[in-house]
Amino acid sequence: MSATTFSWRLRPAGPEDAERLSLIGAATFLESFADIIGGEAITAHCLKANSAESYRRHLDTGAQAWLAEVEPGGAPIGYALLTQPDLPGARDGDIELKRIYTLSRFHGGGLGAALMQAAVEAALARGAARLILGVYAGNDRALAFYAKQGFTRIGNRQFNVGGQICDDFVLARPLTLSENTI
């Protein structure tokens, strides 16, 4: 079955959705990286970074999130999380797309673009000049998606995933017409 076979909806998520965000966060991270990151490291990372408490903390401190849910039924199939930046190369006026993931069986149906659009609209509403993110350097599918969305590479970072160090690219996308350089 392809993503176009399914109906889905996108909605803002709040602290009351922390468990749903935790579930889809861990599921999509495992699905994306289980063949790259060792079992102990990925398990430790998912238990910490994708805990319900982690999402509650983000949302309680001003982050915004969106849940994608399959219809009918409302099972979570993707999400995005927008936070204050915590990346090398961040500057005043930046906002970070901390996470954006969908289950792979829903790739190709416009869900990723819809999540990105929600994040861009929220970033603009906050007055951000640039949207930044970190992405695993070997994630070719994500890199192609981000390039299509107008992101370019501005730097590198090392990312600790449960004790395993991974190389990431830091990408940026200008949000205002007056922003001529990234």
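The sequence shown begins at 3 in the numbering used here and counts up one residue at a time.
Here a beta-carbon is modelled for each residue, glycine too, at the ideal position from N, C-alpha and C.
Here the structure is a predicted model, which is why all the values come from computation and not from measurement.
Where residue i falls, given that 16 or more other Cβ within 10 Å makes a residue buried
i, result
"A124", "buried"
"R101", "buried"
Span separating the alpha-carbon of residue i from that of residue j
i, j, result
"R143", "W68", "21 Å"
"A54", "L23", "7 Å"
"G40", "L105", "20 Å"
"E181", "T7", "For E181, the pLDDT reaches just 45, beneath the cut-off of 50, and the residue's location in the model is therefore unreliable, although a value from the coordinates is still provided. For E181 and T7, the distance between alpha carbons rounds to 39 Å."
"G129", "R155", "22 Å"
"P78", "I167", "29 Å"
"R11", "R93", "33 Å"
"F35", "G95", "31 Å"
"A43", "L177", "35 Å"
"H60", "T85", "7 Å"
"T183", "V163", "At T183, the pLDDT of 47 sits below 50, so the modelled position is not reliable; the number obtained from the coordinates is stated separately. Rounded to the nearest angstrom, the two C-alpha atoms are 31 Å apart."
"P87", "E98", "5 Å"
"V122", "A139", "23 Å"
"Y103", "G91", "23 Å"
According to DSSP, residues forming a beta bridge with residue i
i, result
"P176", "R132"
"T7", "Answer by DSSP bridge pairing: none, since T7 is not bridged."
"G157", "V172"
"Q166", "V163"
"L32", "DSSP lists no partner for L32."
"R13", "L69"
message: Please give the ranges of any beta strand (DSSP E) in the stretch 78-146, keeping only runs that are unbroken, at least 3 residues long and fully inside the region.
response: 78-85, 96-104 and 132-138
| task | Determine contact between the stretch 126-137 and the stretch 166-179, defined as no fewer than three beta-carbon pairs at a distance below 8 Å. | result | yes
| field | Inter-stretch contact (C-beta, 8 Å, three-pair minimum) for the stretch 78-97 and the stretch 26-33 | value | Between the stretch 78-97 and the stretch 26-33, the count of C-beta pairs closer than 8 Å reaches three or more; the two stretches touch.
* Asked: What residue ranges within the stretch 36-80 form continuous alpha helix (DSSP H) runs of no fewer than 4 residues, ordered along the chain?
  -> 41-51 and 54-62
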